[in-house]
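So the number in the numbering used here is just where the residue sits in the sequence shown, counting from 1, plus 11. Beta carbons: idealized from backbone N, C-alpha and C, even for Gly.
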Amino acid sequence: MSGGFRGDVQGLRAVAVLTVVAAHAGVPYLPGGFVGVDVFFVISGFLISGLLFSELQRGGTLSLTGFWARRARRILPAATVVLVATVVMSLFWTTIIDARDVLDDAAWSAAFLANVHFAQQGVYYFAAETGPSPLQHYWSLAVEEQFYLVWPLLLIGVTVAARVLSRRGKQQRLARGSVLAVLLVVTAASFAWSVHVTQTSPTSAYFSTPARVWELGTGALVALVAPRLASRLPRLLGWLLSLAGVAAIAAAVVVIDETTPVPGDAAALPVLGTAALLLVGSTPGLLLAPVRWLLDNPVMRRVGDWSFSLYLWHWPALVLTERNAGRELTAVETAAVVLVVVNLAALTYRFVEQPFRHGFPARRLTVPRSLVLYPASLVLVAATVGGGWWWTGVQGGEDGDNPAITIDEAARLAEHERAVALVRASVEAARNEVDIPSDLTPNLLDLRSSIADVGACDYEDADVRALCPRGDSSGDRTLVLLGDSHARAWIPALEQIASEHGWRAYYLVKPQCPAAHVTVAPVREAVVFEACEEFQEWSMATVAALSPDLAIVASSPPVNGVWVDGERHEQLDEVADVLEDGYDSLFDELDTAADRTVLIRDVPKAGHDPGDCLTSSRPSLLDCMFTPVERSTLLGDVAVKVALLHGADVVDPTPWLCWQDLCPVVIGGTLSYRDTDHLTTEYAAALAGALGRALGLADG
């Protein structure tokens with residue numbers, strides 16, 4: 012198996028963590044350093060599976076409590092220390108809203124479900140600009156622990172089944188052939204799924220355990236075949252594999268970048284390179300001398316020792332330092348942070364990792380006592396999160412008696428006039444440096460969760476293609492809402508309108524997927540969003556089948572460019588031309604599918620997050636007020652032009668949000684935006700009267 016100390020494996024660990032740190036630190040010419048995580052997965056699959064295989068080979072049995080106890084001593088102490096430290100630092104170095112997010116992230120991370128949590132966050136368009144979590148790197152630990160929860164059980168099942176079938180009973184040791192067959196099937200299936208889901212839903216794929224299992228499985232395969240195969244390799248072939256392995260990892264680090272869809276087939280480069288080095292290194296003398304010297308030297312072995320703690324510390328240190336500075340770090344500042352991280356890692360290795368593995372705590376925490384580390388870690392994190400939740404609540408509490416902004420003539424104005432007048436009054440209040448109202452709706456700490464309910468039909472899930480009638484489900488008139496998360500933001504208003512005026516409503520909205528018939532990429536990705544194209548086709552076919560009385564279009568411009576003939580275009584003029592054609596195609600179809608079509612112009616976009624501004628050290632209505640981002644406004648003009656050319660009606664919500672090109676983030680006593688470009692649920696609902704009149708569906 013993989014028994015015995017392997018200096019080259021420690022060197023590979025060093026390569027993995029150094030490339031990850033280099034990429035995250037912005038070192039030039041190493042954009043793909045994040046594939047070091049893939050290298051880690053292969054190494055982990057190799058080492059852990061090798062130990063499991065050896066245990067089965069020696070005694071024919073496998074101790075689950077022993078295995079999970081060893082994992083607890085290896086992973087939990089350092090992971091918990093860094094997790095708690097990150098939460099505490101976030102309370103002091105980030106805004107209250109961001110700190111609340113970190114508390115949420117910490118709970119998921121402690122339960123080894125961070126990958127599920129961040130995958131869900133990543134696919135939502137409205138999470139695109141809130142910045143990465145300082146705990147986001149815990150997703151990889153979650154993937155590993157989920158794999159190692161299932162893998163030993165599967166290994167035991169295969170071994171027992173092989174014994175029964177072979178009728179060799181307890182004399183049967185490791186069922187090598189059966190395990191090999193299962194590993195090949197699982198690894199191949201995972202790789203196929205990884206390639207597929209990376210193309211259709213790349214953000215989810217990145218964090219997905221099923222899409223990563225093949226990397227751990229590849230390491231396990233090497234551990235299984237290395238004892239018999241490596242010793243039979245000719246020396247020349249071993250040398251060639253050594254060079255190929257190093258070249259593959261180096262190429263991956265240089266060629267792959269953040270726009271490359273991973274894992275998928277792109278991850279095969281670092282995975283196979285790592286597998287080749289692990290295989291050749293299993294037999295002394297097969298590794299080419301320069302490669303052996305590169306990996307197996309005192310410096311690389313020491314960095315390999317520190318690799319786990321380095322990985323844990325580097326990401327929160329970089330993220331939190333940058334947030335505290337309020338800007339990108341300079342090269343010198345980044346280098347200083349990395350230097351601090353190296354020292355933290357060395358200290359954590361010596362005083363946390365090693366004692367729990369080989370020192371006094373390890374001697375006291377025998378099997379099964381070590382399993383108590385799991386609940387102990389959860390209790391410690393829960394106490395920290397609970398304390399942080401209380402502290403942020405105190406800091407963001409509604410102390411004071413600052414009144415909401417009001418208008419004197421409110422009683423005699425119609426609702427749409429009242430909305431405009433209140434915006435004007437709110438702008439004037441900001442100019443006059445009026446204090447922020449004490450009783451805000453929603454509460455600042457709940458701002459990020461102010462997201463419209465889509466009911467049972469959440470089309471973010473590619474498998475959901477049902478229809479869910481809303482509003483007045485028995486109404487004899489039908490309206491359909493088409494668009495992305497900006498359309499979703501209008502649901503609270505439309506739901507009120509439809510319910511009160513007898514309209515059956517269908518909300519065909521999908522985050523990141525614009526209403527215009529254009530090909531886009533998911534946020535922060537550089538691949539075609541195939542699920543969006545499929546949804547656009549389905550939604551248009553659905554509209555044609557429903558033949559609604561009213562089709563409402565609301566959508567943001569593509570924020571990640573558009574695709575034409577396999578190339579992504581991001582320049583304003585190029586995007587505008589493609590967007591114009593896409594809207595032309597959309598309104599062409601709606602001309603025949605719906606009796607009437609209305610475009611709700613996209614809302615003005617802010618250049619800064621209002622929540623961050625309002626929870627800064629010296630928040631001010633004046634400082635948090637914004638002027639609309641020009642690019643978004645110009646692309647919004649494109650949609651309006653095409654709609655008018657097709658005879659569609661246009662509703663412009665800008666007067667309900669801005670006055671004289673100034674947009675207050677508090678209107679009356681309500682927060683208008685939950686981030687840079689999405690209305691809060693509460694403010695959208697407050698605009699129901701104004702929107703209903705503008706659509707011609709309500710009086711007033």
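Inter-residue Cα distance where the pair is residue i and residue j
i: Leu94; j: Tyr159; result: 21 angstroms
i: Leu73; j: Pro238; result: 20 angstroms
i: Val48; j: Met100; result: 25 angstroms
i: Gln210; j: Cys524; result: 15 angstroms
i: Val475; j: Cys468; result: 7 angstroms
i: Ala130; j: Val302; result: 37 angstroms
i: Val661; j: Pro274; result: 43 angstroms
i: Ala122; j: Leu248; result: 44 angstroms
i: Asp606; j: Ala659; result: 10 angstroms
i: Val396; j: Ala118; result: 7 angstroms
i: Ala500; j: His148; result: 30 angstroms
i: Gly482; j: Ser460; result: 22 angstroms
i: Val282; j: Val465; result: 40 angstroms
i: Lys521; j: Glu545; result: 11 angstroms
i: Pro143; j: Phe45; result: 15 angstroms
i: Glu226; j: Trp400; result: 37 angstroms
Spatial neighbours of residue i in its chain, beta-carbon cut-off 6 angstroms, leaving aside the 5 residues before and after
i: Pro503; result: Ala463, Thr692, Ala695 and Ala696
i: Leu251; result: none
i: Ser381; result: Ala80, Ala83 and Arg84
i: Ala278; result: Asp49
i: Asp623; result: Thr106
i: Glu364; result: Ala89
i: Asp688; result: Lys616
Residue(s) in a DSSP beta bridge with residue i
i: Asp660; result: Val609
i: Ala516; result: Arg481 and Leu490
i: Ile678; result: Thr681
i: Trp574; result: Thr530 and Arg579
i: Ala565; result: Gly494
i: Thr452; result: Thr681
i: Phe637; result: Cys674
i: Leu690; result: Tyr684
Residue from the options with nearest C-alpha to residue i
i: Arg24; options: Asp316, Pro274, Pro327 and Val208; result: Asp316
i: Leu655; options: Gly680, Glu641, Thr608 and Pro327; result: Thr608
i: Ser318; options: Leu358, Ala83 and Gly707; result: Leu358
i: Phe36; options: Met636, Glu339 and Thr681; result: Before going further, note that residue 36 is Ala rather than Phe in the sequence given. The option with the nearest alpha carbon to Ala36 is Glu339.
i: Thr745; options: Thr106, Leu29 and Leu673; result: With the chain running from 12 to 711 in the structure shown, residue 745 is simply not present.
i: Val127; options: Trp150, Ala121 and Val539; result: Trp150
i: Phe202; options: Met311, Val224 and Val193; result: Val224
i: Val20; options: Pro39, Leu305, Trp119 and Asp472; result: Leu305
i: Cys543; options: Asp446, Asp472, Thr170 and Leu146; result: Asp472
i: Leu62; options: Gly397, Phe51, Phe78 and Val50; result: Phe78
i: Arg442; options: Ala699, Val154 and Trp670; result: Trp670
i: Leu329; options: Thr417, Thr105 and Val676; result: Thr105
i: Thr452; options: Glu155, Arg685, Gln132 and Gly707; result: Arg685
i: Val352; options: Ser320, Pro366 and Val343; result: Ser320
i: Leu195; options: Glu156, Leu176 and Leu235; result: Leu235
i: Arg429; options: Asp115, Arg704 and Ser55; result: Arg704
i: Gln68; options: Arg187, Val154 and Glu156; result: Arg187
i: His657; options: Leu625, Asp602, Leu646 and Gly679; result: Asp602
i: Arg423; options: Asp412, Ala415 and Ala432; result: Ala432
i: Leu458; options: Asp109, Gly71 and Phe51; result: Asp109
i: Leu244; options: Val314, Leu288 and Gly230; result: Leu288
Beta-carbon proximity list for residue i, same chain, < 7 angstroms, skipping 5 on both sides
i: Leu490; result: Ala509, Trp514, Ala516, Pro559, Asp560, Leu561 and Ile563
i: Gly180; result: Model confidence at Gly180 stands at a pLDDT of 47, short of 50, so the residue's coordinates are unreliable and nothing is read from them.
i: Val208; result: Ser215, Ala216, Ser219 and Ala222
i: Tyr213; result: The sequence shown places Pro at residue 213, rather than the Tyr named in the question. Excluding sequence neighbours, Pro213 sits near Pro272, Pro533, Glu536 and Val538.
i: Ser120; result: Leu94, Leu146 and Tyr149
i: Arg17; result: Gly292
Same chain, Cβ closer than 8 angstroms to residue i, five either side skipped, listed in chain order
i: Ala258; result: Gly284
i: Ser566; result: Leu493, Gly494, Asp495, His497, Ala498, Pro525, Ala526, Ala527, Asp613 and Ala650
i: Gly404; result: Leu456
beta-carbon residue i near the ligand HEM non-hydrogen atom, thresh 8 angstroms
i: Val257; result: Of the ligands one can find in the structure shown there are none, so the ligand HEM has no counterpart to examine.
Report task. Decide yes or no for the touch test of the stretch 565-583 against the stretch 530-544: beta carbon pairs closer than 8 angstroms, at least 3 of them. Result -> yes
**Report entry** Sufficient close CB pairs (3 or more, under 8 angstroms) joining the stretch 348-363 to the stretch 323-330
**Finding:** yes
Query raised in the report: Do the stretch 240-251 and the stretch 293-312 make contact, defined as three or more Cβ pairs closer than 8 angstroms?
Result: Taking a contact to require three or more Cβ pairs closer than 8 angstroms, the stretch 240-251 and the stretch 293-312 qualify as touching.
Query raised in the report: Any chance the stretch 585-594 sits against the stretch 626-633, with 3 or more Cβ pairs inside 8 angstroms?
Result: no
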